[in-house]
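Chains as they are written, first to last, in the numbering used here: chain R, 1 to 117; chain A, 118 to 230.
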Amino acid sequence: GENVEQHPSTLSVQEGDSAVIKCTYSDSASNYFPWYKQELGKGPQLIIDIRSNVGEKKDQRIAVTLNKTAKHFSLHITETQPEDSAVYFCAASIEKGLTGGGNKLTFGTGTQLKVEL
Amino acid sequence: SAVISQKPSRDICQRGTSLTIQCQVDSQVTMMFWYRQQPGQSLTLIATANQGSEATYESGFVIDKFPISRPNLTFSTLTVSNMSPEDSSIYLCSVELGSYEQYFGPGTRLTVT
Numbered sequence: 001g002e003n004v005e006q007h008p009s010t011l012s013v014q015e016g017d018s019a020v021i022k023c024t025y026s027d028s029a030s031n032y033f034p035w036y037k038q039e040l041g042k043g044p045q046l047i048i049d050i051r052s053n054v055g056e057k058k059d060q061r062i063a064v065t066l067n068k069t070a071k072h073f074s075l076h077i078t079e080t081q082p083e084d085s086a087v088y089f090c091a092a093s094i095e096k097g098l099t100g101g102g103n104k105l106t107f108g109t110g111t112q113l114k115v116e117l
Numbered sequence: 118s119a120v121i122s123q124k125p126s127r128d129i130c131q132r133g134t135s136l137t138i139q140c141q142v143d144s145q146v147t148m149m150f151w152y153r154q155q156p157g158q159s160l161t162l163i164a165t166a167n168q169g170s171e172a173t174y175e176s177g178f179v180i181d182k183f184p185i186s187r188p189n190l191t192f193s194t195l196t197v198s199n200m201s202p203e204d205s206s207i208y209l210c211s212v213e214l215g216s217y218e219q220y221f222g223p224g225t226r227l228t229v230t
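The following block contains the structure:
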């Protein structure tokens, strides 16, 4: 089955700096790669996703890049703010649709991001 | 997106007992999922719950331990049976929307003593 590795496990940056979190996946058939932010005591929140037919996607201060050949994808957060402090999870899946058993996500191990003032 | 609620938000249970967790979504969805997140760890898929059919369990999870119901398109339950301290985790439900995006509920924090 799919295996997703995520690095680093912890990341500390100064407010205003950029943060980069990297993930690699094992199954070349995976074609959907979401990123989730989980704050303490809350469920994961979808912040951005990318599909395998796209190399990069941006949404304000966050961006995700995908390298299908190398089987890795990264989350980039620019101009970090204290409210960005949370655990971030990457995930990968093979989109199978409603008749194919749904979108079973395999998660990375998480990155604890701390944005310091 | 979707608004998802879970009940209870947290519970402390005795070993050997069972707890049923409810998941309610504000719109009709076909695919619902149940995940487990052990303390300080990542999320692991327990099962997929499709309305009108039996739940599909992932390797390492069995129906006798984690029975699931999916009576309609907005509701599902997960029961954790015959609990042991190793079952102490956060249990999360999620829903898949038509665009394949998956949204999570707030989770149920279970402690087994």
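All C-beta atoms, glycine included, are put in the ideal place defined by N, C-alpha and C.
Keep in mind that this is a model prediction, so the values were computed, not measured.
In angstroms with no decimal places, state the Cα-to-Cα distance between residue 85(R) and residue 39(R).
8 Å
Using the Cβ count rule (16 or more neighbours within 10 Å means buried), how would you classify residue 105(R)?
buried
Helix, strand or coil for residue 188(A), going by three-state DSSP, please let me know.
strand
Can you find a C-beta in chain A that's less than 7 Å from the C-beta of residue 2(R)?
False, the Cβ-Cβ gap to chain A never drops below 7 Å.
Taking residue 32(R) as the query, report the chain A residues whose CB atoms sit under 8 Å from its CB, ordered along the chain.
217
Report all residues from its chain with a CB closer than 7 Å to the CB of residue 19(R); omit the five preceding and five following residues, and keep chain order.
11, 13, 77, 80, 113
I need the straight-line Cα distance from residue 195(A) to residue 17(R), nearest angstrom please.
42 Å
Between the alpha carbons of residue 212(A) and residue 202(A), how many angstroms are there, rounded?
Distance between the alpha carbons of residue 212(A) and residue 202(A): 28 Å.
Please confirm if the region 120-139 of chain A is in contact with the region 44-55 of chain R, defined as three or more CB-CB distances below 8 Å between the two stretches.
no
With C-beta atoms as the reference, is residue 72(R) less than 7 Å away from residue 111(R)?
no
Chain A within 7 Å of residue 44(R), Cβ atoms only
yes
Reducing DSSP to helix, strand and coil, say where residue 128(A) ends up.
strand
Please identify the residue among 174(A), 191(A), 190(A), 189(A) whose C-alpha is closest to the C-alpha of residue 183(A).
174(A)
Simplified DSSP assignment, three categories, for residue 8(R)
Residue state, collapsed to three classes: coil.
In angstroms with no decimal places, state the Cα-to-Cα distance between residue 93(R) and residue 230(A).
The straight-line gap from Cα to Cα measures roughly 35 Å.
Cutting at 7 Å between CB atoms, please list the residues of its own chain near residue 7(R), excluding the five before and the five after it.
Excluding positions up to five away in sequence, the list reads 22.
Which residues in the same chain have their Cβ closer than 6 Å to the Cβ of residue 27(R), if we skip the five residues on either side of it in sequence?
The answer, listed in chain order, is 2.
If you scan the region 19-80 of chain R from start to end, which runs of the beta strand (DSSP E) of 3 or more residues do you find wholly inside it?
19-25, 32-38, 45-51, 56-59, 62-67, 72-77
Exposed or buried, residue 162(A), counting other C-beta atoms within 10 Å across all chains shown (16 or more means buried)?
buried
Interface residues of chain R facing residue 169(A) [CB-CB closer than 9 Å]:
Chain R residues near residue 169(A): none, gap ~12 Å exceeds 9 Å.
Taking Cβ positions, are residue 198(A) and residue 107(R) nearer each other than 7 Å?
no
What in chain A is Cβ-close to residue 83(R), meaning under 7 Å?
Ordered by position in chain A, no residue passes the 7 Å Cβ test against residue 83(R), which lies about 18 Å from the chain.
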